[in-house]
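In order, the protein sequence lines correspond to chains A and B. If you're matching positions, the first sequence starts at 1 in the numbering used here and goes up one per residue. If you're matching positions, the second sequence starts at 1001 in the numbering used here and goes up one per residue. Each residue gets a CB set at the ideal place from its N, CA and C atoms; glycine is no exception.
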Amino acid sequence: MDRIDALLLLVPALPLCAAIVCAVLGPRLLRHYCHVPVVLCLIGACVASVLLFRAVPQARVPAAGEPLTSVPFERVVSVWRWAAIDDALPTPLSSGSSPRPAQFSVDVVLRVDALTAMMLTMVTFISSCIALYAAGYMRHDRGYWRFFAYLALFVFSMTMLVSVSNLVLLYVFWEAVGLCSYLLIGFWYEKPEAAAAGKKAFLVNRVGDFGFALALFLLWTTYGTLNFHDTTRTGRPLDAREVTAAAARDQAVGAPAEQVVQGVLSPSRITARNYVAGPVGLSICLLLMLGACGKSAQFPLHVWLPDAMEGPTPVSALIHAATMVTAGVYMVARCTPLFMVSPTAQLVVACVGGGTALLAALIALTQFDLKRVLAYSTISQLGYMFLGLGAGTFLGITSGLFHLFTHAFFKALLFLGAGSVMHAMGDIIDMRRFGGLRLRLPITHATFFIGCCALAGLPPFSGFWSKDAVVASIEERMHALGHAEAPAEHAVNSATAAQHPVVESAPAHAETIYRGLFWLAIFTGFLTALYTFRAFYLTFYGPERIPVEAGDHAHEAPPVMWWPLVVLSLGAAAAGFICDLTYTRQPVHLFAEFLASTPSLATGAAAATRGPYAFHASVAAISVVVAVAGVLLATYLYVGDAREVRWLKSLFDFEEFSRWYESGQRTNWHARPWVAAIDRAAERIGCRWLVRMAGQLLLLMGFVLASPLLLGNFFSPYKLSFHKFFLDELYDYVVVVPLQLAAIACNFLDRWVVDGAVNAVGKLVMALGSLMRSLQMGQLQFYALAMFLGVLVLLAAKLILIVG
Amino acid sequence: MNEAALLVNFLIVGGLLFVTGMVGFLVRRNLIVMFLSVEMMLQGISLSLIAWGRFHQDLGGQILVLFMIAVAAAEAGIALALILMLYFKSHTLDAAFWHDLREEGQPPFIDQGLPETRHEQPQWPRLTPAGIRPDVNQDEQLHRSQV
């Protein structure tokens, strides 16, 4: 075991130790010092991750004449065998994929490559900051030890999730992350909303996890293994040298590799492009994407994330920045080789991401809950990440991950800033109730401003570089599809494509769709700047308003809370232009360069799409203009009086129309003289009922004709955005209510049919008993007589037996 | 008189004793008389046992009867004590007065000529409560770690 292995084991082990210590010693011994082991262990894990981060690029060994960047590096550490089933030999759907499937064994195997090292560093760094902040924020909570035990467990699950080398274990820790989020969202379980939000998060995630589980089954039947790495048939991990040796030996003999089972994502399989395309490959990708949608809160399953705001604010920061929602992005990025064979799946990923980004940005425009605005911005930014992953090029995938990296900094910063606002405002988070806090909370104000700039994508803050890279990758993909689509692809892949016809051509209209997504991403960038600075101005500018709950001591948070803010704001400000050096003379993207040694990106289809780094000046110019326009619009609208805001609201809420409609409803028609005159005239001729009926009919026709307008009254753009496009209500009526009806039916069946049968048996016995009960009237002599008669009957029976 | 005729005579007398006792038990309501009737039934059985013992030239019957007399003496002591206690509680010896062994919810069978009311329940002595209730912090209980 060398240094890398030890560090790799240390990173998850430290948070686990902290969780156990906190859970065992917390309630009795540590009490208000519960944060000490957690913070220490997380900082230790962070240091270990940084060391790992530095060790990974140095550990690559290029062969002679090979460029360093295209050398895949992965290290696999086997911890123990969890389960092994010898007889589980599946029949692969396609004969070519895996001739000799491995025995089904689940090994706890950790891996490290560039992607894992990056994720570990990000997760542990952000969680250390958040744990430090939570030590101040949760100080007066009764469940102090419980909070830190859950927190450490959460970080442990996430570090394991990004470092396991087996899809089954990935699923296990996927669920563990879900469990921890459930525990932490419902941390204040005495509050009904918090309990409901925890349940909602758990249940919505189940939908996605179901898809993920199906994807695992399909992967197993297709590839015959669920390991990422190469193994022998008995499940022992093989390193790259052994695999090459085995391949060389087999080539000499002329037989296929018998002993080696290629892992799903192993370098040898990626290099050989041994992947199944077609409907099976597409289904695997779509099911994986469904799982990622659940965990990363993408469009159909995003409804749990805003409700997760019911948890304590550090938990929101943790879920949004570091641990929970990034799991889906990580999983899709990890499974890049699977997605590379199916352009349709990539298109779906991009469309889901783009649609979610726009939808969430539209909703965020009208929310008044500061944390909810941030939650929708998270959903929107996750949409950007999926957009990058869906571009399906080297640039797209690395930019999606780069956005994940920078987003972790500024979103953690923004959430912790919102937490410090809540701390000062006595747990009030409604932006209508406070304002003008910039003098009261100077440090929060400054750091929040940096976070907002990063989120809005203003240069030189980090969000600008990563968001820009995502948009640029979409543009690049669009051009690649438009100009030289098929020939270029074939030129690169002709050698392998002849052997393995796995590269599908992109679906029709892909270029048009990507073009739409490009403009959609630009427009979403404008909305992002607008809603971000709306929240910023509503909170920190305008006349100073402080809710009564805050009392008269609204003050800046203690140092233990603002130090993490400062540290994170440094990251949010500088992470972009330090990692992205494409603006220099020799354009290079340090982050992408680092990730390039991940096996999925170093060789195979993803590496084939790799081009030289370049600064996309046109895209950057458009997005800067758009972001500045958004910020300026927000400044014009929300600084000073709110006249324009009111006008915009009346415009988008169709207020004129509803006023007209309501006035029509209020009119008393019988008071009008001409109506009364007609009424009287009709009465005089004696056909009043006819006129009345005609009037009713006219009214009915009017309603039918005006129904689109009435709908407009209920579904104005403002109302749609304010009520989150009524998606919660839609799910209520489509899913929740039918399930509740089914539950009522089942309850009825159980109570009256199943239980009824059981009770009927009991009732029958009781009815029989009640016939005899009247004999037990308590008269002593009757009992004696009954005894005597009984003896007589027995004697008579005996006599009859003897005689007869 | 041969042995068989002797046996028949004894059995007739024993049977008469038994039936007389049983009729007495069934028709009388005085507890003491009922107890006497039971004793009479017992004697009837004893007599037939002795007769059979003699008929079979077997001392077991007589030994059993001696045994029964001893047991009956002990039983008489207990039964009379019980009757005495019942009398103390109700001031009557009427068996129909007691019908507490009936099925719950079943109306009692009321005989004629019963006294109107039963005496009130006796006051049994009780221990006085001692000590103070321990002080339990409900809040602490709610947030205690549960295993």
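Taking the Cα positions, A/D427 is about 34 angstroms away from A/V626. Annotation note: the stretch 586-614 of chain A contains the following uninterrupted alpha helix (DSSP H) runs of length 4 or greater, listed N- to C-terminal: 590-595, 599-602 and 604-608.
At the C-beta level, B/F1010 and B/G1044 stay beyond 8 angstroms of one another. In this chain, the alpha helix (DSSP H) harbouring A/S650 covers R643 to F652. In this structure A/L780 does not touch B/A1079 by the C-beta definition: roughly 13 angstroms separates them, more than the 8 angstroms allowed. When CB distances to chain B are screened at a threshold of 9 angstroms, the residues of the stretch 777-795 of chain A falling below it are M777, G778, Q779, L780, Q781, F782, Y783, A784, L785 and F788, in chain order. For B/A1095, the nearest beta carbon of chain A is closer than 8 angstroms to its own beta carbon. Think of a sphere of 9 angstroms around the beta carbon of B/E1075: no beta carbon from chain A falls inside it, the nearest being about 17 angstroms out. With three or more CB-CB distances shorter than 8 angstroms, the stretch 1091-1106 of chain B counts as touching the stretch 1020-1035 of chain B. A/G328 is positioned such that its CB atom lies closer than 8 angstroms to that of A/A292. At least one CB of chain B lies nearer than 8 angstroms to the CB of A/R142. Taking a 10 Å sphere around the C-beta of A/E74, we find 16 or more other C-beta atoms and assign the residue as buried.
In this structure, the straight-line span from the alpha carbon of A/Q367 to that of A/H509 is close to 36 angstroms.
Close to chain A, meaning a Cβ-Cβ distance shorter than 9 angstroms, are the following residues of the stretch 1001-1032 of chain B: M1022, F1025, L1026, V1027, R1028 and R1029.
For A/T366, the secondary structure class from DSSP, reduced to helix, strand or coil, is coil. For the pair A/F518 and A/M478, the CB atoms are nearer than the 8 angstroms cut-off.
By the Cβ test, the stretch 326-346 of chain A is in contact with the stretch 159-175 of chain A, since at least three Cβ pairs between them sit closer than 8 angstroms. Rounded to whole angstroms, B/L1127 and A/L25 show a C-alpha spacing of 44 angstroms. Non-local C-beta neighbours of B/D1111 in its own chain, meaning closer than 6 angstroms and more than five positions away in sequence, comprise A1096, ordered along the chain. Sequence-distant Cβ neighbours of A/L538 in its own chain, meaning closer than 7 angstroms and more than five residues away, are M431, G435 and Y638. The DSSP-derived three-state label of A/T231 is strand. In the same chain as A/G136, and ignoring 5 residues on each side of it, the C-beta atoms closer than 6 angstroms to its own belong to P558, V560 and M561, in chain order. Taken in chain order, the unbroken stretches of alpha helix (DSSP H) that lie wholly in the stretch 676-752 of chain A and span 4 residues or more are 688-714, 717-722, 727-731 and 737-748. Per the coordinates, the alpha-carbon of A/K199 lies some 10 angstroms from the alpha-carbon of A/E193. Nearest CB-CB separation between B/D1100 and chain A: below the 8 angstroms threshold. Contact of B/F1067 with chain A is not assigned, every C-beta pair being separated by 8 angstroms or more. Burial is judged here by how many other beta carbons sit within 10 angstroms of a residue's own beta carbon; B/R1133 has fewer than 16 and is exposed. If you check the CB distance, A/T598 and A/L115 come in under 8 angstroms.
No Cβ of chain A is located within less than 8 angstroms of the beta carbon of B/E1039. The DSSP-derived three-state label of A/S78 is strand. Rounded to the nearest whole angstrom, the C-alpha separation of A/E683 and A/A677 is 10 angstroms. In the three-state reduction of the DSSP assignment, B/I1132 falls in the coil class, being assigned neither a helical nor a strand state. Sorting A/A743, A/L749 and A/D653 by C-alpha distance to the C-alpha of A/F715 places A/D653 at the top. Per DSSP, A/V567 has no beta bridge partner at all. In the assembly as shown, A/W145 is a buried residue. Its beta-carbon has 16 or more other beta-carbons within 10 Å. Burial check for A/Y733: the Cβ neighbour count within 10 Å stays below 16, so the residue is exposed.
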